[in-house]
Amino acid sequence: MGIEFFFLILAVFVVAFGIGVVLLNRRKSVGQPGPGRPTPPPARLPESETLVAEPEVDSGVAPVVEELPAVEEEPPAGTFRERLAKARSTFAGAIAGVLGRSAITDESFEDLEEALLRADVGVAIADELLSELRVKVANKEITEPSDLLDALQAEMTARLVGSDRSLNFEPFEPGNPNVWMFVGVNGVGKTTTIGKLAKQQVDSGRSVLLAAGDTFRAAAAEQLAAWAERSDVDVVRGADGADPSSVIFDGVEKAAANKIELVMADTAGRLHTKSNLMDELGKVRRVADKGAGTVTETLLVIDATTGQNGLTQAREFGEVTNVTGVVLTKLDGSAKGGIVFAIETELGIPVKLVGIGETIGDLIDFDPEEFVSALFER
Amino acid sequence: MFDNLSNRLEGIITKVRGKGRLTESDVDEVMKEIRTALLEADVNLTVVRSICNRIREHALGATRSKALDPGQQVVKAVNDELTRALGGETLAIKYASKPPTVVLMAGLQGSGKTTNSAKLAAWFKAQGRNPMMIGADLQRPAAVEQLRTLGRQIDVPVFSEPQDPILTATKGLEEAKRLGRDVVIVDTAGRLSIDTEMMEQVRLISGAVNPDYTFLVIDAMTGQDAVQTAEAFHNTLKIDGVIMSKMDGDARGGAALSVKEVIGRPIAFASTGEKLDEFEQFHPDRMASRILGMGDMLTLIEQAEKAFTEDQAEAAATKLMEGQFTLDDFLEQMQALKKMGSLGGLMSMMPGMPKELKNAKIDDNDLKPIEAIITSMTTQERTFPTIIQGTRRARIAAGSGTTVADVNRLVKQFGEMQKMMKKMGMAGKPGKGKGGKGAKGAKGGKGAKGAKGGQKMPKGLPLGFDPAASGFQIPGLPGTPGMPGMPGLPR
Chain A
1 MGIEFFFLIL
11 AVFVVAFGIG
21 VVLLNRRKSV
31 GQPGPGRPTP
41 PPARLPESET
51 LVAEPEVDSG
61 VAPVVEELPA
71 VEEEPPAGTF
81 RERLAKARST
91 FAGAIAGVLG
101 RSAITDESFE
111 DLEEALLRAD
121 VGVAIADELL
131 SELRVKVANK
141 EITEPSDLLD
151 ALQAEMTARL
161 VGSDRSLNFE
171 PFEPGNPNVW
181 MFVGVNGVGK
191 TTTIGKLAKQ
201 QVDSGRSVLL
211 AAGDTFRAAA
221 AEQLAAWAER
231 SDVDVVRGAD
241 GADPSSVIFD
251 GVEKAAANKI
261 ELVMADTAGR
271 LHTKSNLMDE
281 LGKVRRVADK
291 GAGTVTETLL
301 VIDATTGQNG
311 LTQAREFGEV
321 TNVTGVVLTK
331 LDGSAKGGIV
341 FAIETELGIP
351 VKLVGIGETI
361 GDLIDFDPEE
371 FVSALFER
Chain B
379 MFDNLSNRLE
389 GIITKVRGKG
399 RLTESDVDEV
409 MKEIRTALLE
419 ADVNLTVVRS
429 ICNRIREHAL
439 GATRSKALDP
449 GQQVVKAVND
459 ELTRALGGET
469 LAIKYASKPP
479 TVVLMAGLQG
489 SGKTTNSAKL
499 AAWFKAQGRN
509 PMMIGADLQR
519 PAAVEQLRTL
529 GRQIDVPVFS
539 EPQDPILTAT
549 KGLEEAKRLG
559 RDVVIVDTAG
569 RLSIDTEMME
579 QVRLISGAVN
589 PDYTFLVIDA
599 MTGQDAVQTA
609 EAFHNTLKID
619 GVIMSKMDGD
629 ARGGAALSVK
639 EVIGRPIAFA
649 STGEKLDEFE
659 QFHPDRMASR
669 ILGMGDMLTL
679 IEQAEKAFTE
689 DQAEAAATKL
699 MEGQFTLDDF
709 LEQMQALKKM
719 GSLGGLMSMM
729 PGMPKELKNA
739 KIDDNDLKPI
749 EAIITSMTTQ
759 ERTFPTIIQG
769 TRRARIAAGS
779 GTTVADVNRL
789 VKQFGEMQKM
799 MKKMGMAGKP
809 GKGKGGKGAK
819 GAKGGKGAKG
829 AKGGQKMPKG
839 LPLGFDPAAS
849 GFQIPGLPGT
859 PGMPGMPGLP
869 R
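In the order they appear, the protein sequences are chains A and B.
For what it's worth, our numbering labels the leading residue of the first sequence as 1, then goes sequentially.
For what it's worth, our numbering labels the leading residue of the second sequence as 379, then goes sequentially.
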């Protein structure tokens with residue numbers, strides 16, 4: 001007791017009152033779009049203009065994705081699965097447990113639940129997957145332990161197959177570049193992903209320009225410039241703290257003037273809870289479309305070690321920027337990336353690329369069947 | 379941070395809190411929900427099991443002993459268990475007897491080592507130390523450049539050489555000794571725990587600088603993997619503490635909960651925002667209370683103490699309780715409050731806040747219209763808002779770029795709030811304290827001298843404010859009932 005109490009009462013009062021008024025005003029202003037409310041409009045309402053609404057060009061879409069480009073630096077050895085396998089012991093314990101019993105028991109399901117949860121699949125999806133299996137076991141459709149594993153594997157694969165995972169590139173007229181935007185929270189590897197992908201795109205014959213839209217993090221532009229040098233492409237950058245929209249706009253204009261086909265736009269990492277930064281990102285996305293270029297991909301970069309928060313990230317970024325695909329980075333290591341099941345199932349955003357190592361060749365296409373079967377490696 | 383976990387647990391706890399008796403099946407049901415809540419918060423499965431087992435033991439004990447209010451006992455069991463899992467006491471930094479104190483930063487790529495190196499340096503600086511940073515991340519392009527830029531921002535020197543990280547670390551340490559810096563922070567490259575070559579490198583760096591503290595930086599959004607990462611680094615480096623980065627997001631922070639449990643080392647610091655001073659020591663007990671929705675009053679008070687002077691606060695609180703708080707005072711306090719941090723952040727620390735308030739995304743810019751309205755009033759109007767009618771209203775609305783309705787609402791709410799606070803003030807038992815201290819008028823003669831100077835007020839027990847009488851309780855005490863009153867708030 002003592003002086004703290006003064007502080008407390010004051011703080012509680014002032015904050016509570018202030019927020020009360022703000023909320024009330026906000027509610028009122030939603031109800032009646034009256035004049036004079038200076039609150040910035042929630043920049044995420046309309047937004048559905050461009051991307052999805054142009055399937056007519058689809059016939060011309062070159063299946064863009066690199067067939068594991070022969071980058072001289074790193075001869076990519078083996079299949080997707082082989083390269084993931086080194087880190088896959090996730091399901092090993094559960095598989096041994098299930099196969100070690102002569103019949104399917106409650107423990108078998110507990111083992112599988114544990115494996116799914118440890119892979120960050122999440123409680124909800126794990127429950128869904130297993131309850132379907134329980135029904136089949138109850139109906140005697142599945143009786144052998146090994147069939148149980150196969151059924152789970154099939155179910156997980158079925159959840160992922162069928163999406164279009166190619167990177168969308170439209171063969172526009174020269175002077176109308178494709179713009180690929182990269183968004184995500186801090187530290188997921190946006191800049192690195194752009195660096196690797198730029199090199200791959202250049203090697204597959206496209207002309208590329210990088211736009212250093214991360215004007216916030218110290219030396220982010222230098223990092224991107226270092227990557228640009230490796231693939232010998234131009235990079236457009238602004239001063240530290242410059243308006244990211246204008247940097248990217250300038251990048252697009254420069255690409256248009258130089259007849260460059262593809263602009264890859266970096267953005268500053270931001271937590272999806274920061275509404276002002278998310279609004280800024282929405283603006284960046286709109287401005288990127290305003291000039292000579294067209295945004296044909298908005299890729300959300302997610303760290304594969306992310307837990308259940310990944311779903312929230314995907315939802316929030318999706319609302320603001322109309323995300324068209326996910327890049328799952330750092331899938332080597334002991335990460336499992338189980339969150340992709342929730343993202344694909346609940347939000348319908350396909351995973352397009354995965355990062356499985358440090359070298360340029362380690363950014364590869366996502367293959368759902370291989371991804372799931374790698375989890376089940378016995 | 380931890381908000382979602384808080385919400386889940388709060389819901390569960392509200393259910394049991396009121397119950398006079400708990401049956402075993404009640405306990406089972408509660409445990410199932412707690413398990414799901416923890417798992418959704420990315421708490422490691424192994425840790426979930428051990429936490430749940432212990433809570434269950436306590437809860438069943440309470441049920442069998444037919445103790446009074448077993449619901450309360452469950453709450454206590456959860457609180458104790460979370461506090462224990464989060465690490466008990468705050469890590470106290472002991473400086474090396476022979477300076478410099480060396481701190482090594484390690485972690486996965488993108489966990490935030492470089493940013494947190496600078497934040498930690500700024501923290502040491504605020505403690506009166508002279509830190510220096512060594513950029514030993516020669517892997518990521520421009521990592522050293524990033525560290526140098528941050529170093530310039532906080533005015534802390536950075537040493538780095540482009541050849542070899544181990545050599546850089548050694549030379550940097552020499553340089554620090556030569557310059558007489560008493561804390562050295564070594565930033566290293568991000569690495570995967572399974573990358574044996576890189577793990578060997580960081581082990582050699584550690585051997586070269588012989589750190590007093592090795593901190594592992596972990597992203598608060600990490601999933602089940604956090605534990606394996608922490609274990610692997612701990613095996614290689616002997617971790618002394620963990621720095622949780624990106625705690626300002628809505629990640630449920632289960633990683634934080636798990637790591638201490640598994641490697642037995644505390645969470646030392648938490649990074650709570652993008653600015654370099656948004657970084658604080660981690661207090662497990664406070665965090666446990668916050669997770670349970672009991673607020674984090676200690677942190678709140680500490681931040682308030684930074685923002686207000688004692689006299690200011692006392693004077694304003696007195697007026698508040700006496701119903702003499704004017705809009706001018708409010709404006710002044712609001713501005714002081716902004717120094718404490720973002721409104722959303724403050725909200726999360728307050729006990730018993732209604733969920734609607736907590737979940738609302740509050741942008742500090744939303745307050746601007748309020749400020750505009752108040753600053754568009756005359757001194758007289760701010761002191762006696764009741765006189766604001768007809769043309770005054772229109773004038774204020776025009777002057778602040780808002781609408782008449784906005785002005786009305788503010789005035790009306792303020793009136794209600796004033797009434798309520800007055801009631802709370804009256805409810806207290808005056809005269810307990812020793813002497814009176816004159817209520818001071820607002821400073822700077824803003825005309826808010828409405829406070830009749832010289833009014834007596836007890837000091838020992840401030841404001842004669844009796845928490846029990848007003849229904850306002852300190853968090854952590856049983857049955858925190860929520861904010862007092864709060865009339866006129868949107869439901």
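Even for Gly, the Cβ is constructed at its ideal location relative to N, Cα and C.
Here the structure is a predicted model, which is why all the values come from computation and not from measurement.
Per DSSP, Asp-250 of chain A is one residue of the alpha helix (DSSP H) stretching across 244 to 257. Val-620 of chain B and Glu-113 of chain A have their C-alpha atoms spaced approximately 29 angstroms apart. Under the Cβ criterion of 8 angstroms, Pro-519 of chain B is counted among the residues facing chain A.
For Glu-222 of chain A, the nearest beta carbon of chain B is closer than 8 angstroms to its own beta carbon. Chain order gives no chain A residues near Thr-614 of chain B, where near means a beta carbon separation below 8 angstroms; the closest approach is about 14 angstroms. Neighbours of Thr-305 of chain A in chain B, taken as residues at a C-beta separation under 8 angstroms, are given in chain order as Leu-486, Asp-597, Thr-600, Gly-601, Asp-603, Ala-604, Thr-607.
Look at the beta carbons and you see the region 326 to 333 of chain A touching the region 351 to 369 of chain A: at least three pairs across the two are nearer than 8 angstroms. Put simply, of B:Leu-557, B:Ala-633, B:Gly-529 the residue whose alpha carbon is nearest the alpha carbon of Leu-594 of chain B is B:Ala-633. Within the DSSP bridge table, the entry for Val-263 of chain A names A:Val-179, A:Leu-209 as partners. Pairing Phe-169 of chain A with Met-278 of chain A, the inter-Cα distance amounts to about 26 angstroms.
Judged by DSSP secondary structure, Leu-594 of chain B falls within the beta strand (DSSP E) whose first and last residues are 591 to 597. At least 8 angstroms separates the CB of Lys-254 of chain A from every CB of chain B. Around Leu-417 of chain B, the beta-carbon contacts reaching into chain A at under 7 angstroms are Leu-117, Val-123. The residue from B:Arg-556, B:Phe-762, B:Gln-659, B:Ala-750 with its alpha-carbon nearest to that of Lys-497 of chain B is B:Gln-659.
Between the region 793 to 802 of chain B and the region 749 to 756 of chain B there are fewer than three C-beta pairs closer than 8 angstroms, too few to call the two in contact. By the rule that beta-carbons nearer than 8 angstroms mark a contact, Glu-114 of chain A touches chain B. Counting along the chain, the unbroken beta strand (DSSP E) around Leu-328 of chain A starts and ends at 325 to 329. The contact set of Gln-200 of chain A on chain B, defined by CB atoms closer than 7 angstroms, is empty, because the minimum CB distance reaches about 17 angstroms. The CB of Gly-627 of chain B comes closer than 8 angstroms to the CB of Val-185, Leu-271, His-272, Thr-273, Asn-309 in chain A, given here in chain order. If you draw a straight line from the Cα of Lys-274 of chain A to the Cα of Thr-414 of chain B, it is about 27 angstroms long. Nearest CB-CB separation between Arg-315 of chain A and chain B: not below the 8 angstroms threshold.
Inclusion of Met-511 of chain B and Asn-494 of chain B in the CB contact set at 8 angstroms is not warranted, their separation being larger than that value. Using a Cβ-Cβ cut-off of 8 angstroms, Val-351 of chain A does not count as an interface residue toward chain B, since no Cβ of chain B sits closer than that to its own.
If you draw a 10 Å sphere on the C-beta of Gly-506 of chain B, you find fewer than 16 other C-beta atoms in it, and that means exposed.
For the pair Ala-648 of chain B and Pro-540 of chain B, the Cα-to-Cα distance works out to about 30 angstroms. About 13 angstroms separates the CB atoms of Ala-547 of chain B and Pro-478 of chain B; that is not less than 8 angstroms, and the two are not in contact. Short of 8 angstroms from the beta carbon of Val-247 of chain A, and not among the five residues preceding or following it, lie these beta carbons of its own chain, in chain order: Ala-211, Ala-212, Gly-213, Thr-215, Val-236, Arg-237, Gly-238. Annotation: Cβ neighbours of Gly-632 of chain B in chain A (cutoff 9 angstroms, chain order): Gly-307, Gln-308. For Pro-509 of chain B, there is no enclosing alpha helix (DSSP H); the enclosing beta strand (DSSP E) covers residues 509 to 514. Under a 10 Å Cβ-count criterion, Thr-305 of chain A is classified as buried, with 16 or more other Cβ atoms of the shown protein chains found around its own Cβ. Contact check for Leu-635 of chain B and Leu-464 of chain B: beta-carbon distance about 6 angstroms, within the 8 angstroms limit, so the pair qualifies. For Ile-104 of chain A, there is no enclosing alpha helix (DSSP H), as DSSP marks it with neither H nor E. Residue A:Gly-361 holds the alpha-carbon nearest to the alpha-carbon of Ser-204 of chain A among A:Phe-371, A:Gly-361, A:Gly-337.
In the displayed model, Glu-658 of chain B falls within a strand according to three-state DSSP. Within the region 386 to 441 of chain B, complete alpha helix (DSSP H) segments of at least 4 residues are found at 402 to 418, given in chain order.
Between the alpha carbons of Ala-694 of chain B and Met-798 of chain B lies a distance of about 16 angstroms.
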